[in-house]
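Reading the sequence shown from the start, the letters are residues 10 to 81 in the numbering used here.
Even glycine gets a Cβ: it sits at the ideal position worked out from N, Cα and C.
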Amino acid sequence: TPSRSEIRSIEHVDDEVELLAQIGYKQELNRNYSTIQVFGIAFSIMGLLPSIASTMATGYEAGPVGLVWGWI
Numbered sequence: 010t011p012s013r014s015e016i017r018s019i020e021h022v023d024d025e026v027e028l029l030a031q032i033g034y035k036q037e038l039n040r041n042y043s044t045i046q047v048f049g050i051a052f053s054i055m056g057l058l059p060s061i062a063s064t065m066a067t068g069y070e071a072g073p074v075g076l077v078w079g080w081i
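What follows is the structure in structure tokens.
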């Protein structure tokens, strides 16, 4: 049997699907992410800030253009 949190999340999703249908849209976003997928997304987002910080020395030496191209 599903837990209360699973039932609440299913009801929440159903409400949003119904709202989208009322305004003429079909739900296209997949909301069935596993724990490892959520971790991967979070890890990717968190990795953005250290990558920018690691190129700051280039910005001091080469200026703004070197900072942008060094990060890309």
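| Check | Outcome |
| --- | --- |
| Looking at C-alpha atoms only, which residue of Y69, E25 and A71 is the closest neighbour of R40? | E25 |
| Kindly indicate the opening and closing residues of the alpha helix (DSSP H) around L57. | L57 to A62 |
| If G68 and L76 are in contact, beta carbons under 8 Å, what's the gap, nearest whole angstrom? | 3 Å |
| Can you grab the Cα-Cα spacing for the pair E70 / F52, in whole Å? | 30 Å |
| Starting from the C-beta of E36, find all residues in its chain whose C-beta is less than 6 Å away, skip the five residues before and the five after it, and write them out in chain order. | As written in the sequence, residue 36 is Gln, which differs from the Glu given in the question. Contacts found: V26 and L29. |
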